[in-house]
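Colleague:
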Amino acid sequence: QSTMKLSSATINDVQHEWQKVFAQEMNNRAGDAVTVEIYPASQLGAIPRMTEGVLLGTIEAFTTPTSFVTGVDPRFQAFDIPGLFHDADEVRAVIHNPEFRDHLETLFLDKGVRIIGAIYNSPMLMLTSNPVTELAGVDGLKIRTFASPLQQEPMKAIGAIPTPLALSEVVPQLQSGGIDGLLAGMPILTAFKFYDTAQHVTDLNFSHLISITLVNEAWFQSQTPEVRKAIRAAGRAAEEAVFDWGVANVERANKAWIDAGGKIHNLPEAEQSRMMDTFADVGAKTIADQTDVVAEYDRIVGVLDAHRSK
Amino acid sequence: MIWAIALTIVLLVALGAPIFVALLAGAAVGLSMFNGPPLIALQQTIFGGLDAYALLAVPFFVFAGELMAASGIANRLIALVQALFGRVPGSLGIAALGGSTLIGTICGSSAAAVAAVGKNMYPRLLDAQYGQRRASGIITSSGAIDIVIPPSIAMILYGAAAEQSIPKLFIAGIVPGLFVALLMGIYISASARFSGLPTEGRFDPRSTIIAFQKAIGALFMPVFILTGIYAGAFSPTEAGGFACAYAIILGLVFYRSLTLSDILAAAARAAMITAQIMVVVAAASVISWLLTVKGVPQALIAGIIDAGLSPLMFLLAVNVFLLATGCFLDPTSAILVLAPLLVPIAIALGIDPIHFGVIMTVNLAIGMFTPPFGLNIFVAQSVLGVSAADIYRGVLPFVAVQTIALAVITLLPVLSLWLVRAMS
Amino acid sequence: MTRPSGSLGARALETLKLLLGLALVLMVVLNIVNAAGRYGGLPVPGGMDELLVIAMIWVVMIGCILATHDRTHLAINLLPQSLNNDRRRVLETLVTFLTAGVCAFVAWHSWTFIERIGAIGQKSMGLGVPMVVPHLAIFVGFAGTALVSLVLAVTDCRAFFQDRAK
Ligand code: NA
Ligand code: NA
């Protein structure tokens with residue numbers, strides 16, 4: 029009899045949904061052998077604390093977008109290269125490809141974590157106080173990004189001023205005009221009611237967030253073979269089951285945004301494809317000197333090429 | 004397990020152990036009895052309790068308060084209030100109260116206001132026959148207004164923890180803060196008249212103008228800070244740093260009342276006060292983590308929802324609960340632990356989260372001087388050199404006055420919200 | 095602040111406090127430069143927020159050791175104050191021993207954590223500094239507090255028995 033605490037920073041989104049389905053699947057497969065407890069909304073601490081928790085085993089599992097755990101292993105960046113995926117189906121083709129999925133599961137075992145869930149989250153958007161309908165409108169805007177080159181360099185390339193800022197400062201600074209916008213996925217923007225602060229979203233569609241669930245490997249190995257098998261199977265079953273929910277959730281979030289008075293803009297097609305070319309160059313250059321990241325990137329591109337040629 | 008933790012903490016606090024030691028001992032007992040998370044979770048949660056950008060408001064605003072005392076800015080503000088209220092019964096007491104309120108418009112830390120006003124006003128209140136208890140009571144309790152009137156560390160942390168707009172919270176705090184000050188002023192004046200305390204001085208237009216001229220640089224400070232925040236030049240957290248810079252420039256260049264070594268000494272004092280407060284915050288975060296993992300807050304919330312409380316009954320229950328919490332916990336830890344739990348319930352009951360933020364802040368402000376535990380009490384003890392027992396008796400009437408103010412602020416959301424609505 | 099007395103130890107403590115003050119002044123400067131740069135639309139280097147928070151954590155934990163030495167930690171000393179001199183001294187000494195024990199316990203587990211996080215090599219997101227750097231502050235703070243408390247408690251004990259012998 030053991031307890032498995034699943035943590036995440038958000039609530040009522042696809043990450044939370046995966047955890048709920050995973051808990052059911054575990055109950056069906058392992059019964060009383062494992063008690064699954066779900067702690068959404070950063071109840072167990074901020075993202076860096078949950079990361080350390082799963083690395084050291086104070087928390088058994090942590091569900092997060094890959095872009096938050098690049099400090100654990102730079103290879104997590106491979107999923108965030110701008111221009112890699114065109115849509116949700118391409119993400120599905122890669123992360124649910126059986127061979128790639130097996131590879132992904134054990135990719136970070138040397139860090140003491142195993143991947144038991146890989147889910148499509150949402151496309152990356154740019155929220156701004158004023159409407160941005162063409163690339164010229166981005167020029168000189170202060171856009172809050174992570175302090176990560178894969179977010180900062182593309183923003184620089186289209187004329188924005190990437191502005192890293194502590195999370196707690198984002199809303200007050202957006203309200204007072206200290207920053208002009210930020211990068212985020214729509215489910216986050218609606219969950220945190222960003223429409224009260226800024227109404228305009230430009231769908232840059234340059235990258236897609238992928239969420240993964242990490243489990244502490246030492247804890248995993250301490251379970252009986254039956255429980256280990258159940259965890260692996262429940263994770264895969266849950267991620268297949270919530271893919272459509274996740275895609276629908278992005279649509280629900282988009283609708284909620286519009287219903288709350290928000291606007292969603294797209295760039296003119298020619299500008300969009302020009303921007304994607306720029307981003308692809310910038311992305312490749314940013315990771316060029318990290319051979320292990322490039323190797324992962326190439327593997328993903330290989331799976332994608334096979335999918336596209338079908 | 005919960006009882007073992009609580010018993011350990013209460014016992015050690017009563018024996019006079021440092022609060023953070025009592026909390027950590029409770030956490031160690033809890034973690035040892037509870038065969039779940041390994042003990043390294045201690046490090047993780049202690050660190051997690053400190054690793055928050057919004058907490059930078061604590062050292063910055065405490066430093067700003069120390070600088071206001073050291074540079075004479077605080078004294079100029081007190082002198083202005085005294086000139087304005089010279090003829091009113093209890094005018095010296097009102098000068099201490101008004102000084103705290105004005106300092107509160109610049110500084111986000113109530114401990115700093117108690118220290119600055121206490122150093123200046125306490126000897127004078129004693130000379131004017133206020134007596135140790137009444138004098139220390141006025142100073143210890145009026146510092147609390149500081150965290151209700153913007154800028155406010157408590158509101159910055161509430162905004163960060165509850166994902167609410169900090170500038171809106173600041174605006175919402177203005178009227179309730181002034182209302183608390185007004186009620187306290189009426190009580191101070193009435194009780195001074197009742198006890199037959201001599202009225203100091205008289206209203207003299209010329210000396211009032213001089214006091215005003217001397218205070219003008221200091222009076223411009225809140226304008227600078229609030230304009231900077233609303234213009235987006237700096238965030239509320241960063242505002243603390245700008246308040247320090249303003250006080251340094253005013254004291255160093257214009258008043259020539261500060262030297263570089265004064266600044267360093269003020270910074271060193273602020274660093275020590277920060278350490279004393281934040282080590283408690285860090286230790287409290289271990290307890291709150293343990294409670295979360297044991298499902299205590301979740302059960303509490305479910306209980307409140309099951310009980311089907313009306314919004315008003317919920318607010319009343321929250322007030323009682325927070326006043327009790329405030330007796331033992333400092334506002335910084337209390338907000339970080341409780342806001343994420345209580346705000347979703349408040350929103351579900353249709354209570355405006357900004358109004359709720361003001362209620363929580365006023366509540367915890369009262370907690371800062373409600374016996375037995377309270378940062379203002381500790382600061383007053385060390386700055387005024389009065390025993391805790393005397394301060395306890397001195398603050399009691401003000402606990403009553405501010406609790407009445409809290410009840411009015413709770414029942415009339417309009418006090419908090421009309422300025423917010425008028426401005427948006 | 096207490097007036098520096100002549101002894102080397104006391105002067106070292108005062109110097110340490112001034113260094114903490116200096117760190118706070120530098121944090122204020124960094125905060126202003128960062129905000130002004132952002133307002134002016136200059137490319138602000140990432141991780142300034144992390145740097146400020148790390149500095150704050152170190153200031154707090156070093157300050158914790160100094161406050162232990164000065165016996166200025168927040169506490170409710172009503173009970174000790176109400177006791178007669180001998181009993182008060184016994185209680186205070188016991189509490190100081192307890193402080194040493196609790197802080198040593200925390201420091202011990204803190205060290206275990208740091209060894210493990212160091213072995214994994216996790217880095218912070220913004221600055222890319224090893225997470226060992228900020229975490230070490232907790233270990234240093236509690237180990238230092240434990241050590242200072244132990245010295246204080248032993249000194250108190252010795253003084254108590256010497257006074258009793260007189
Ligand atoms: Na204030
Ligand atoms: Na209290």
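Chains as they are written, first to last, in our numbering: chain D, 29 to 338; chain P, 4 to 427; chain E, 95 to 260. Idealized CB from N, CA, C, for every residue including glycine. What you are looking at is a predicted structure, and each value in this text was computed from that prediction instead of being measured.
1) To which residues of the same chain is P/PRO300 closer than 7 Å at the C-beta, ignoring the five residues directly before and after it?
2) Suppose the cutoff is 7 Å on Cβ atoms and the five residues either side in sequence are ignored; what does the same chain contact list for P/TRP292 look like?
3) Going by alpha carbons, who is nearest to P/ALA164 out of D/LEU195, D/PHE104, D/VAL229 and D/ASN125?
4) Please confirm whether any heavy atom of ligand 1 lies closer than 7 Å to the CB of E/CYS158.
5) Is the distance from the Cβ of P/ILE148 to the Cβ of P/PRO239 below 8 Å?
6) How many Å lie between E/VAL154 and P/ALA278 at the Cα?
7) Quickly, what does DSSP pair D/GLU65 with across the bridge? List them, please.
8) For the candidate residues E/LEU110, E/CYS251 and E/LEU112, whose alpha-carbon lies nearest to that of E/LEU185?
9) In chain P, what lies closer than 7 Å to E/ALA169 by C-beta?
10) Suppose the cutoff is 6 Å on Cβ atoms and the five residues either side in sequence are ignored; what does the same chain contact list for D/ALA262 look like?
11) Using a Cβ-Cβ cut-off of 8 Å, state whether P/ALA28 counts as contacting chain E.
12) Counting Cβ pairs, one atom from each stretch, are 3 or more of them under 8 Å apart for the segment 137-156 of chain P and the segment 389-408 of chain P?
13) Out of P/PHE63, P/ALA302 and P/LEU399, which one is the CA nearest neighbour of E/ILE126?
14) In the DSSP assignment, find the unbroken alpha helix (DSSP H) run with P/GLY180 in it and report its ends.
15) Counting only the same chain and skipping the five closest in sequence on each side, list residues whose C-beta sits under 6 Å from that of E/GLY131.
16) Can you pull the chain P neighbours of E/LEU160, defined as C-beta to C-beta under 8 Å?
17) How is the alpha helix (DSSP H) around P/MET36 delimited, first residue to last?
18) Could one say the Cβ of D/PHE136 lies closer than 8 Å to chain E's Cβ atoms, at least one of them?
19) Quick check: the segment 370-382 of chain P against the segment 155-163 of chain E, are there 3 or more CB pairs under 8 Å?
20) Which residues in chain P have a C-beta closer than 7 Å to the C-beta of D/THR86? List them in chain order.
21) Taking C-beta pairs closer than 7 Å, name the residues in chain P that E/PRO174 reaches, listed in chain order.
22) Kindly indicate if chain E contains any beta-carbon less than 8 Å away from that of P/LEU59.
23) Can the beta-carbon of D/HIS44 be found less than 8 Å from the beta-carbon of D/SER35?
24) Skipping 5 residues on each side, what residues in its chain have a beta carbon closer than 6 Å to that of D/ALA188?
25) Alpha carbon to alpha carbon, what distance is there between D/HIS114 and D/ARG280?
26) Does any heavy atom of ligand 1 sit closer than 7 Å to the C-beta of P/THR108?
27) Quick one: residues in its chain with C-beta nearer than 6 Å to the C-beta of E/THR239, no 5 flanking neighbours on either side, listed in chain order?
28) Go ahead and pull the three-state DSSP assignment for D/ASN149.
29) Give a yes or no on whether the minimum CB-CB distance between D/SER176 and chain P is below 8 Å.
30) Indicate whether P/ALA119 and P/ILE109 have their beta-carbon atoms separated by less than 8 Å.
31) Using the Cα positions of E/MET95 and P/ILE276, report the straight-line distance between them to the nearest angstrom.
32) Comparing alpha-carbon positions, which option in P/LEU83, P/ILE348, P/PRO225 and P/LEU420 lies nearest P/GLN216?
33) Cα-Cα, which of P/ALA55, P/PRO334 and P/GLY121 is closest to P/ALA383?
34) In chain P, which residues lie with their C-beta within 7 Å of the C-beta of E/HIS163?
35) Just to make sure I have the definition right: I need the residues of chain C whose C-beta is within less than 7 Å of the C-beta of E/ILE214. Which are they?
36) With a threshold of 7 Å (Cβ to nearest heavy atom), would P/ILE150 be considered close to ligand 1?
Modeller: Concretely, from the data shown:
1) LEU294 and LEU344
2) THR48
3) The candidate whose alpha carbon is nearest that of P/ALA164 is D/LEU195.
4) no
5) No, they are not a contact pair.
6) 4 Å
7) Partner(s): D/LYS33.
8) E/CYS251
9) GLY19, ALA20, PRO21 and ILE22
10) Result list for D/ALA262: PHE50, GLU53, MET54 and ARG57, in chain order.
11) yes
12) As far as the Cβ criterion goes, the segment 137-156 of chain P touches the segment 389-408 of chain P, which means the pair count is three or higher.
13) P/PHE63
14) 169-197
15) Answer for E/GLY131: VAL138, listed in chain order.
16) The contacting residues are MET275 and ALA278.
17) 22-36
18) no
19) Contact between the segment 370-382 of chain P and the segment 155-163 of chain E is absent, because fewer than three Cβ pairs lie under 8 Å.
20) PRO40, PRO41, ILE43, ALA44 and GLN47
21) GLY19
22) yes
23) no
24) VAL166, LEU169 and ILE171
25) 20 Å
26) yes
27) So the qualifying residues of the chain are CYS158, ILE159, THR162 and CYS197.
28) strand
29) no
30) no
31) Confidence at E/MET95 is low in this model, with a pLDDT of 41, below 50, so the placement of that residue is unreliable and no value is reported for it.
32) P/LEU83
33) The option with the nearest alpha carbon to P/ALA383 is P/GLY121.
34) By Cβ distance, chain P contributes nothing, its closest Cβ being about 11 Å from E/HIS163, past 7 Å.
35) The question asks about chain C, but that chain is absent: this structure's protein chains are D, P and E.
36) yes
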